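Notes follow the structure.
Residue numbers (the numbering used here): 318 to 1006.
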């Protein structure tokens, strides 16, 4: 017990209690002397203790916790381990890890199992080797973070050393000992493979486009491989490719003509050669979006501005756009059709740029408005963009972008979210910004650390003429900052601009039912999701409308899903689908009239794990040595158990001190109350007052 005052005050408390008892019980009483002494003692104890509580005494308690040393068994459960490790070796390894876990638990260790995709697993021999990619650094880093403060003695990593995602683990210093166990097969096999395809994701209808195939080979130097390009089983082109001696890879290029607009999947294959080890890596797919010519973009501003340069640079990153720039009074505006326009601070105060605004409105061109200090807000509010801005004078707020989580027309990558956090603040008009007419905010404003519900990037208008608004003229700072921090690759800013333009030009018609995949393409492991919008007869957004979606694969096998549109924009989840090109037809009845929408969605097969069959034990050796240990093999797991035991990892004892005010102990209150009740009852019973 400790005091916050001098211990000498305890004597004063005792004197107060003694004086109080003497004053109360020194006179003649109607009860016996022994009872009088007992009552005086009770009163002395109660008063002294109450005075003692005024000194703020507190109790100091110490709690001791013992944490056993923890060993984590990290299992690389990627497909390559299951495909290319001999079954007997893989069984020996997983069963050996299970025995290792039992042995270590018997020696006082805590043992847990982790895998690439499934997280914690009950036993190493229950792990399924199905992960489509290998990120050993991600696995080990997550273990280091998740077991921080838990007496992590070490990690036993079972892997074939083949990494195809994440950072190179052999150059990373982890904060724990790393014991590597090598599986797989390091003996070169006779094999021919397709490690990679190089092609543009977008091609223009009627134009020729190349697909460059890289062919890898072991044991076939001097022979010839037959390489084909197919679409829907139909052979488009065939190449006889020489595999020269002294090399392990060679390239060949196919030049194809883009067909009608739509999504296309091309299959590139290498025919089997005599004695080939595996055919799993003999094909790869190219996924293209064939579009109808280039989209013509008009970039017009009220005056020269850094934003115009940033927007121009972002647009020119994509060859799918043909850009025209216009500034009033500098060059005449050509009379031509545009697919989409960006109007920077137009309509402007004083009527500047009225001619370009008139042409855009007359031709009903989708528009991205960028608001700024020169914007005529009265004229802008009359355009029917779905956003009304009422500024308060010339004041501004400095904000950064925050994605709206319920906006589903396009998605933001995790990398983009991290980059947004580093953006410098940009000015927006200070005042009221109100959404109407079914408009949606893709980005909110963040002021300092406060995330607001004020819109920053808004999509509105009608399906016949989509319109968007960006409420800042300072976005050029975002692109500049991102280019500085990421080696002149402002990818998040450029993607935001390009996706905005693509969304404005997408489905520019008067459809009352609009169903679309939320991504350009999905991977075979992704959850395939669709968004849906429904409109009434005057093209106002409606909700609660049931619809059906029929998805048909390349074997003409249909699958039907049902969905109801909601105000929060929740997408339709189809779950993972096999790789391929799917066609979909959506149907709904709106206002008593049947409506239909259709399109295509691509599901890609990554095929990362089948590309390389030869294990890389050298990588595992480097990882283990860099982190203070060595490389083991499945038949050496008993030696691994002895080495861990000899490392003499100890439990860690944690002590936690807790200070508690004595006055907060409830039992003391009831004890004092009981003593005073006994005193009072005795006095009443004995005839006292």
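Just so you know, even glycine gets a beta-carbon here, dropped at the ideal spot from N, CA and C. Note that the structure is predicted; figures quoted are calculated from it, not measured.
Based on DSSP bridge pairs, tell me the residues matched to residue 382.
Residue 382 is bridged to 971.
Let me know the secondary structure DSSP gives residue 1007 once reduced to three states.
What is shown of the chain runs 318 to 1006, which leaves residue 1007 out entirely.
Could you work out which residue in 913, 892, 765 and 814 is closest to residue 829 when comparing CA atoms only?
Looking at the Cα atoms, 913 is the closest of the given residues.
Using a threshold of 8 Å, state whether the C-beta atoms of residue 393 and residue 458 are closer than that.
Between residue 393 and residue 458, the C-beta gap is not smaller than 8 Å, which leaves the two residues out of contact.
Using three-state DSSP, classify residue 617 as helix, strand or coil.
Reduced to three states, the DSSP call for residue 617 is strand.
For the stretch 616-625 against the stretch 644-657, do three or more pairs of beta-carbon atoms, one drawn from each stretch, fall closer than 8 Å, so that the two count as touching?
Between the stretch 616-625 and the stretch 644-657, the count of Cβ pairs shorter than 8 Å is three or higher; the stretches touch.
Could you spell out where the beta strand (DSSP E) holding residue 779 opens and where it closes?
Residue 779 -> beta strand (DSSP E) spans 767-779.
In this structure, how does DSSP classify residue 794 when only helix, strand and coil are distinguished?
In the three-state reduction of the DSSP assignment, residue 794 falls in the helix class, which pools H, G and I.
Determine the extent of the alpha helix (DSSP H) in which residue 698 is found, giving its start and end residues.
That run of the alpha helix (DSSP H) goes 694-698.
When the distance is taken between beta carbons, is residue 901 closer than 8 Å to residue 870?
Not closer than 8 Å, so no.
Tell me which residues share the same chain as residue 536 and place their Cβ nearer than 6 Å to its Cβ, disregarding the 5 neighbours each side in the sequence.
Excluding sequence neighbours, residue 536 sits near 507.
Reduced DSSP category for residue 599 - H, G, I as helix; E, B as strand; rest coil:
Looking at residue 599 - three-state DSSP - the assignment turns out to be coil, as it is neither helix nor strand.
Under a three-way DSSP split, which group does residue 977 fall into?
DSSP places residue 977 within a strand segment (E or B) once states are collapsed to three.
What residue ranges within the stretch 905-985 form continuous beta strand (DSSP E) runs of no fewer than 3 residues, ordered along the chain?
When DSSP assignments are scanned along the stretch 905-985, the uninterrupted stretches of beta strand (DSSP E) that are 3 or more residues long and fall wholly within it turn out to be 910-921 and 969-978.
Do residue 407 and residue 927 have their CB atoms nearer than 8 Å?
Contact annotation: residue 407 and residue 927 have beta-carbon atoms that are not nearer than 8 Å.
So, are the CB atoms of residue 723 and residue 763 less than 8 Å apart?
Not in contact: residue 723 and residue 763 (Cβ atoms no closer than 8 Å).
Check residue 353 in the structure and name its three-state DSSP category.
Collapsing the DSSP output to three states places residue 353 in a helix.
For residue 894, which three-state DSSP category applies?
In the structure shown, residue 894 sits in coil (DSSP, three-state: anything other than H, G, I, E or B).
Any 3 or more C-beta pairs closer than 8 Å across the stretch 421-436 and the stretch 370-390:
Contact check between the stretch 421-436 and the stretch 370-390: three or more CB pairs, one atom from each, fall below 8 Å, which counts as touching.
Whole alpha helix (DSSP H) elements within the stretch 443-471, 4-residue minimum:
Correct list: 453-463.
CB of residue 450 within 8 Å of CB of residue 482, strictly:
Yes, the pair counts as a contact, with Cβ atoms nearer than the cut-off.
Is the beta carbon of residue 866 closer than 8 Å to that of residue 889?
In contact: residue 889 and residue 866 (Cβ atoms closer than 8 Å).
Let me know the alpha helix (DSSP H) ranges lying completely inside the stretch 624-684, each 4 residues or longer, listed in chain order.
For the stretch 624-684, whole alpha helix (DSSP H) runs of length 4 or above, ordered along the chain, are 671-679.
Is residue 839 helix, strand or coil by DSSP?
Note: residue 839 maps to strand in three-state DSSP.
Closest by C-alpha distance to residue 501, when choosing among 395, 425 and 556:
It is 395 whose Cα lies nearest to the Cα of residue 501.
Touching or not, the stretch 520-536 and the stretch 596-609, by the rule of three or more beta carbon pairs under 8 Å?
Two segments are said to touch when three or more pairs of C-beta atoms, one from each, lie closer than 8 Å; by this definition the stretch 520-536 touches the stretch 596-609.
Is it right to say residue 322 is buried, meaning 16 or more other beta carbons lie within 10 angstroms of its own, or is it exposed?
Counting of Cβ neighbours within 10 angstroms places residue 322 among the exposed residues, the total staying below 16.
Three-state secondary structure (DSSP) of residue 760:
The answer is strand: DSSP assigns residue 760 an E or B state.
Own chain partners of residue 611 with C-beta closer than 8 Å, once the 5 adjacent residues on each side are dropped:
So the list reads 521, 636, 637, 638 and 639, once near-sequence residues are dropped.
Below 8 Å between beta carbons: does that hold for residue 559 and residue 544?
Contact: no.
8 Å Cβ cutoff met for residue 948 and residue 938:
Yes; because the gap between Cβ atoms is below 8 Å, this pair is in contact.
Checking 8 Å against the spacing of the C-beta atoms, do residue 663 and residue 674 come in under that value?
Result yes, Cβ atoms of residue 663 and residue 674 sit closer than 8 Å.
For residue 751 and residue 627, which I take to be in contact (beta-carbon distance under 8 Å), what is that distance rounded to the nearest angstrom?
Between residue 627 and residue 751 the Cβ distance is about 28 Å, and since that is not below 8 Å, they are no contact.
Measure the alpha-carbon distance for residue 417 versus residue 958 and round it to whole angstroms.
Near 6 Å, if we compare the C-alpha coordinates of residue 958 and residue 417.
For the beta strand (DSSP E) containing residue 525, list its first residue and its last residue.
525-535 is the extent of the beta strand (DSSP E) around residue 525.
Assuming residue 452 contacts residue 944 under a Cβ cut-off of 8 Å, what Cβ separation, rounded to an integer in Å, is found between them?
Approximately 17 Å separates the beta-carbon atoms of residue 452 and residue 944; this is outside 8 Å, ruling out the contact.
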